[in-house]
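J.:
Numbering (our numbering), first residue to last: 23 to 176.
(1) Could you give the distance in angstroms between the alpha-carbon of residue 126 and the alpha-carbon of residue 144?
(2) What three-state label does DSSP hand residue 147 in the structure shown?
(3) Can you tell me where the beta strand (DSSP E) holding residue 83 begins and where it ends?
(4) By a C-beta neighbour count over all protein chains shown, 10 Å radius and 16 as the cutoff for buried, is residue 81 buried or exposed?
(5) What is the rounded straight-line gap between the Cα of residue 137 and the Cα of residue 128?
(6) Are at least three pairs of beta-carbons, each pair with one atom in the stretch 64-73 and one in the stretch 87-104, less than 8 angstroms apart?
(7) If you reduce the DSSP assignment to three classes, tell me which class residue 55 lands in.
(8) Taking the DSSP output, what are the residues bridged to residue 49?
(9) Distance, Cα to Cα, residue 158 vs residue 149?
(10) Helix or strand or just coil, what does DSSP make of residue 111?
(11) Can you tell me the Cα-Cα spacing of residue 155 and residue 88, whole angstroms?
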């Protein structure tokens with residue numbers, strides 16, 4: 023897949039994620055538009071980090087879209103600390119530090135209800151709204167499409 027994308031002019035970068043057993047994130051850039059995909063990534067794990075927070079900030083800097091693992095809330099901790107997934111609040115911190123334009127919360131806990139996911143999305147929007155930048159945010163859902171040329175989701 024990567025060979026296909028690079029052969030068609032896409033610039034692809036890779037970063038090692040923090041996840042038991044290993045994982046990677048990707049930054050895909052084309053025609054000045056960039057998308058960062060970081061799932062299975064724990065921003066503040068209790069184990070040795072493959073990549074520090076500042077490394078993720080640099081990797082995601084100025085991205086049009088950041089799709090990031092946001093599986094947990096503070097209420098899920100400490101029980102799930104070390105499982106390889108991030109807190110919504112941590113992901114918002116990353117989005118603000120990296121000055122991304124649009125954040126997609128991804129890799130939802132399969133036991134969450136739609137109402138709970140809506141609350142997580144509202145929490146993220148509240149946190150992002152306290153920052154100096156205007157960062158839009160949505161919880162990923164089946165059928166979500168992003169139009170990078172418009173910077174909007176539908």
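Just so it is clear, CB atoms sit at the ideal spot from N, CA and C, and this is done for glycine as well.
T.: Judging by the given coordinates:
(1) Cα to Cα, the separation comes out at about 12 angstroms.
(2) Look at residue 147 here: in three-state DSSP terms it is helix.
(3) Run containing residue 83: none; DSSP gives neither H nor E here.
(4) With 16 or more Cβ atoms within 10 Å of its Cβ, residue 81 is classed as buried.
(5) Rounded to whole angstroms, residue 137 to residue 128 spans 15 angstroms at the Cα level.
(6) With a cut-off of 8 angstroms, the stretch 87-104 and the stretch 64-73 count as touching, because enough Cβ pairs lie within range.
(7) In the three-state scheme derived from DSSP, where H, G and I count as helix and E and B as strand, residue 55 is classed as strand.
(8) Paired residue(s): 35, 58.
(9) Cα-Cα distance, rounded: 11 angstroms.
(10) It is helical.
(11) Each residue's CA atom was taken as its position, placing residue 155 and residue 88 some 15 angstroms apart.
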